[in-house]
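Q: Just dropping this structure here.
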């Protein structure tokens, strides 16, 4: 693990996993809301076995990068969170100047990756969005007084836990519940920042390089997507914006955390297949 200081002085903690042999690529992971990068160790293990070096930072307000109340991003926190991701990409580029860099993102991390693609696409060779959605539509359809995490459990009532919406795997849900670094939302300022970005730039993605490979992986039981209608819209928007290399995979019955689902091996296999294709394709 190492740290770097963001432009506003927040210390960002980064986990790293080395490949078994000389790496053929680097994967940067962007985690979701109310969790931390350490939860992606099993995914990192699969990626390192496939010849990738892996880096994943705890977002500001999360994990070891939390320096105030959980979920507090600070002033202009949304843009700074995306900027932290870009700063890590630049560190990776300095460390591995000759290797392709792939950004793999989940949930909140995928929302940030949508913004990253608009501002920093030149830093990466491909982007995977998992557990993603059309953020503007999600925000518009959520009641203002609802907890954005707990409200997502309504579709699974009567529920065993407040977080059944995460996965069909009870053990994965229980691990989330007992993890002291999990289970919170962004504060009101952070949610307002996301809503503002969602209604402007994320809803109208323009200027992304047309040949940037994008992979969208979602479960049709993920309440963020209302039966895939919102992820369908994400893909439609990117195609309308001129992107020509989009892979879209959906998984029957799977809920939000695909890398912690009962079919996680299928999801990881699909991700690795896409990644391999991106690495061998001429650019």
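Residue numbers (this note's numbering): 5 to 287. Beta carbons are placed, not taken as given, at the ideal position from N, Cα and C, and that holds for glycine. Computed from a prediction, not measured in an experiment: that's the story for all the values here.
Determine the closest residue to residue 68 out of 6, 51 and 241, with distance taken between C-alpha atoms.
A: The shortest Cα separation from residue 68 among 6, 51 and 241 belongs to 6.
Q: Give me the DSSP bridge partner(s) of residue 109.
A: DSSP lists 34 and 133 as partners of residue 109.
Q: Assess, as a yes-or-no matter, whether the stretch 31-41 is touched by the stretch 177-187 under the definition of 3 or more beta carbon pairs within less than 8 Å.
A: Yes, they touch.
Q: Could you pull out every unbroken alpha helix (DSSP H) segment of at least 4 residues lying fully inside the stretch 178-227, listed in chain order?
A: If we require 4 residues or more, the alpha helix (DSSP H) runs fully inside the stretch 178-227 come out as 192-201.
Q: According to the neighbour-count rule (16 or more other Cβ atoms, all chains shown, within 10 Å of its Cβ), is residue 231 buried or exposed?
A: Its Cβ having fewer than 16 others within 10 Å, residue 231 is exposed.
Q: Compare the C-alpha of residue 216 against each of 196, 245 and 202 and name the closest.
A: Minimum Cα distance to residue 216 is reached at 245.
Q: Cutting at 7 Å between CB atoms, please list the residues of its own chain near residue 119, excluding the five before and the five after it.
A: So the qualifying residues of the chain are 86, 201, 205 and 206.
Q: Pick helix, strand or coil for residue 251, following the three-state DSSP scheme.
A: Of the three classes helix, strand and coil, the one that applies to residue 251 here is strand, per DSSP.
Q: What does the alpha-carbon distance come out to for the pair residue 222 and residue 257?
A: Whole-angstrom Cα-Cα distance: 10 Å.
Q: Considering only C-alpha positions, which residue in the set 66, 250 and 50 is nearest to residue 35?
A: Of the candidates 66, 250 and 50, the one whose C-alpha sits nearest the C-alpha of residue 35 is 66.
Q: Between which residues of its own chain and residue 191 is the CB-CB distance below 6 Å, once the five residues before and five after are set aside?
A: So the qualifying residues of the chain are 75 and 76.
Q: Considering only the alpha carbon of each residue, which of 78, 48, 13 and 16 lies closest to residue 30?
A: Taking only the C-alpha atoms, the option nearest residue 30 is 48.
Q: Which partner residues of residue 20 appear in the DSSP bridge assignment?
A: 59.
Q: What's the C-alpha gap between residue 146 and residue 26?
A: Going from the Cα of residue 146 to the Cα of residue 26 covers about 46 Å.
Q: Rounding to the nearest angstrom, what Cα-Cα distance links residue 19 and residue 32 in this structure?
A: Residue 19 and residue 32: Cα-Cα distance of roughly 10 Å.
Q: Excluding five sequence neighbours on each side, which residues of the same chain lie with their C-beta closer than 7 Å to the C-beta of residue 160?
A: Only 168 and 169 meet the Cβ criterion.
Q: If I follow the unbroken beta strand (DSSP E) through residue 9, where does it start and stop?
A: That run of the beta strand (DSSP E) goes 6-9.
Q: Check whether the stretch 45-62 and the stretch 114-134 touch, using three or more Cβ-Cβ pairs below 8 Å as the test.
A: No, they do not touch.
Q: Under 8 Å, do residue 198 and residue 139 count as touching if we go by C-beta distance?
A: It is a contact, given that the beta carbons lie within the stated cut-off.
Q: Who are the near neighbours of residue 224 in its chain, counting only those whose CB is closer than 8 Å to its CB and skipping five residues on each side?
A: If we look at residue 224 and ignore the five residues flanking it on each side, its Cβ neighbours are 231, 232, 254, 255, 256, 257 and 258.
Q: So which of 226, 203 and 249 has the shortest CA-CA distance to residue 218?
A: Among 226, 203 and 249, the Cα nearest to that of residue 218 is on 249.
Q: Residue 110 and residue 135 - do their beta-carbons sit closer together than 8 Å?
A: Yes.
Q: How far does the alpha helix (DSSP H) with residue 275 in it reach, from first residue to last?
A: Residues 268-284.
Q: Could you check the C-alpha separation between residue 23 and residue 11 for me, to the nearest Å?
A: Answer to the nearest angstrom: the Cα atoms are 30 Å apart.
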